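J.: Below you will find the structure I want to go over with you.
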Amino acid sequence: MRWTQTLIPTLKEVPVGTEAVSHQLLLRAGLVNMLTSGVYSYLPLGLKVLRRIETIIREEMNAAGARELFLPCLQPIELWKQTGRDQVLQEIMIRFKDNRGREMCLGPTHEEVITALAKNYVQSYRQLPLTLYQIQTKFRDELRTRFGIVRACEFIMKDAYSFDRDVEGLERVYQKMYNAYQNVFKRCGVDVHIIAADSGAMGGDVSHEFLALAPIGEDEVALCGGCGFAGAGALWAEGGGSCPSCGKALTKQVAIELGHIFQLGTKYSQAQGAMFLDEDGKLKPMIMGCYGIGVSRLIAAVVEKNYDDNGIVWPREVAPYDVEILPLTGEDAEGRALAREYAETLEKCRFEVLVDDREESPGRKFHDADLIGIPYRLILGARGLKEGLVEIKERRSGRVLKIRKEDIMLRLPGILRDGFPEKDEDAGRC
RNA sequence: CGGGAAGUAGCGCAGCUGGCUAGCGCGCAACGUUCGGGACGUUGAGGUCGUGGGUUCAAAUCCCACCUUCCCGACCA
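Numbering-wise (my numbering), the first sequence opens with residue 13 and increments by one.
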């Protein structure tokens, strides 16, 4: 992709009214744009990151045995009255009457919808266990939005729902999801702490939160430096600041909630009559679990965990592009032609390539490249080309490798796949 | 929803004790010179001064109401 054919509106200055580093960088690197408080557009670069995170989530969900579907945002209030959550979630629910006079809402979550679906289609224990998920927009009328896309009124969530015939089955799938979540966050370059948590308005008995330590966090977590124990912030007060597991001192830190999984039990299936006929001929309510990841919030968390003074430093798996090519010379010079040639070849090898084909000074191209944080940068400057050399620079470490221009296609694919070589002789072929 | 602050060009701001044609920096367009860490010159485009009402010969400027945004708090699967 050529820079001049997409929209990457980088900003030199820090936008006013922003305090979170991730919020500032997402705006400055041109990934998102605020339409109104708590409502954001994803610009091309932001959408690319979003898609890559979604891909990771889909891979892990599919591997855990979940199947993807897509539920509606637009939901009748009638459905919510069955569980009483039209009252419980009243404050955050965006509701209205449509032109036919039906009372509707924009879904803040999807337990009711999925349970209604299961009720319709699952009659027998032979159809269980079943786990379904979607990646979709949620609407919550937050009284106070904060930190850009971290706490927005419209945001993207991955929500999964499991249906089992017994508690043992629920526990099995719960553990699978637990593991899948660890994989997702690890692949996204975010360290998480997992704590047993309150189920809140979701209901159910067992639940775990996946928290990333970050200064913009809205949750408190008590951490043990000794045994690695992590607990809810309330533990701090209850336990007098010492670890319930090993007794050592706890430290209290703020964290951002990225995922939350729940063993719901039969709360929804009872209320909505989602029953199945078991092997023993008895009609039983399905045993449910639900599993959420704040996908848009995860983008902010990735940035919050991966930046330096000059901008974002994307982990390889979620970066919007694999490599950015910077021709520094004028329109007709060799660098331009080489950039096009390299880009074409790399794209044939299924790499995502961004070419900064703008007519800007080298300084500005370097600054913007740092800001948007593509993991690798191919610099085609007159200085190097004179000697037949191009440079590969790693964003995270700042290391530079000078390579003969005719060897680029021999070396670069391997680097993009496996990272910078420790020694110079490592090579890869596309 | 309580408390505080702010709305003037795409972004950041000045002007505000009423008074000339509403300005500056960045960005944007054209031309020229530049070209390895946010280059420079010349010319130019871009504005319902948040909205509505009021006071006045005259309102970006004073008064009232409303809207929007941000911060603190309460709330938050």
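Note that the Cβ used here is the ideal one computed from N, Cα and C, for glycine as well.
Keep in mind the model is a prediction, meaning the values are calculated, not measured.
What's the gap between the Cα of Val-218 and the Cα of Ile-168?
T.: Val-218 and Ile-168: Cα-Cα distance of roughly 24 Å.
J.: Report buried or exposed for Phe-159, applying the criterion of at least 16 other Cβ atoms within 10 angstroms of its Cβ.
T.: buried
J.: For Cys-200, count the other beta carbons within 10 Å of its own beta carbon; 16 or more makes it buried, fewer makes it exposed. Which is it?
T.: buried
J.: Decide if Leu-19 is buried, meaning its Cβ has at least 16 other Cβ atoms within 10 Å, or exposed.
T.: By the neighbour-count rule (16 or more Cβ atoms within 10 Å), Leu-19 is not buried but exposed.
J.: Helix, strand or coil for Phe-432 per DSSP?
T.: In this structure, Phe-432 counts as coil in the three-state DSSP scheme.
J.: Do three or more CB pairs link the segment 39 to 56 to the segment 79 to 93 at distances below 8 Å?
T.: no
J.: With distances taken from CA atoms, which of Asn-191, Leu-144, Leu-140 is nearest Glu-180?
T.: Leu-140
J.: State the start and end residues of the unbroken alpha helix (DSSP H) segment that holds Gln-284.
T.: Counting along the chain, the alpha helix (DSSP H) containing Gln-284 begins and ends at 279 to 284.
J.: Have a look at Leu-47, Ile-311, Glu-232 and flag the residue whose alpha-carbon is nearest the alpha-carbon of Val-266.
T.: Glu-232
J.: Who are Lys-414's beta bridge partners in DSSP?
T.: Glu-403
J.: With Lys-188 as the anchor, note down where its alpha helix (DSSP H) starts and where it stops.
T.: 179 to 199
J.: Using 10 angstroms around the beta-carbon of Gln-135, count the other beta-carbons present and answer buried if the total reaches 16, otherwise exposed.
T.: exposed
J.: On the premise that Ile-311 lies in contact with Phe-65, defined as a C-beta separation below 8 Å, what is that separation, rounded to the nearest angstrom?
T.: As written in the sequence, residue 65 is Ile, which differs from the Phe given in the question. Confirmed, about 6 Å.
J.: My assumption, with CB atoms under 8 Å, is that Thr-127 sits in contact with Cys-85. Please give the rounded CB distance.
T.: Actually they do not touch by this definition, with Cβ atoms about 17 Å apart.
J.: Alpha carbon to alpha carbon, what distance is there between Gly-237 and Arg-40?
T.: 36 Å
J.: If the criterion is Cβ atoms closer than 8 Å, does the pair Leu-397 and Pro-374 meet it?
T.: no
J.: Could you pull out every residue in the same chain whose Cβ sits closer than 6 Å to the Cβ of Glu-221, ignoring the five residues on either side in sequence?
T.: Ile-207, Ala-209, Glu-269, His-272
J.: Please classify Thr-95: is it buried, with 16 or more other beta-carbons within 10 angstroms of its beta-carbon, or exposed?
T.: buried
J.: Can you tell me whether Gln-94 is helix, strand or coil according to DSSP?
T.: DSSP, reduced to helix, strand and coil, places Gln-94 outside both helices and strands of the structure shown, so it counts as coil.
J.: Using a Cβ-Cβ cut-off of 7 Å (strictly less than) and excluding sequence neighbours within five positions of Ala-76, which residues of its own chain qualify?
T.: Taken in chain order, the residues that qualify are Lys-188, Met-189, Ala-192.
J.: According to DSSP, which residues form a beta bridge with Ile-14?
T.: The question names Ile, yet the displayed sequence has Arg at residue 14. Val-367, per the DSSP bridge assignment.
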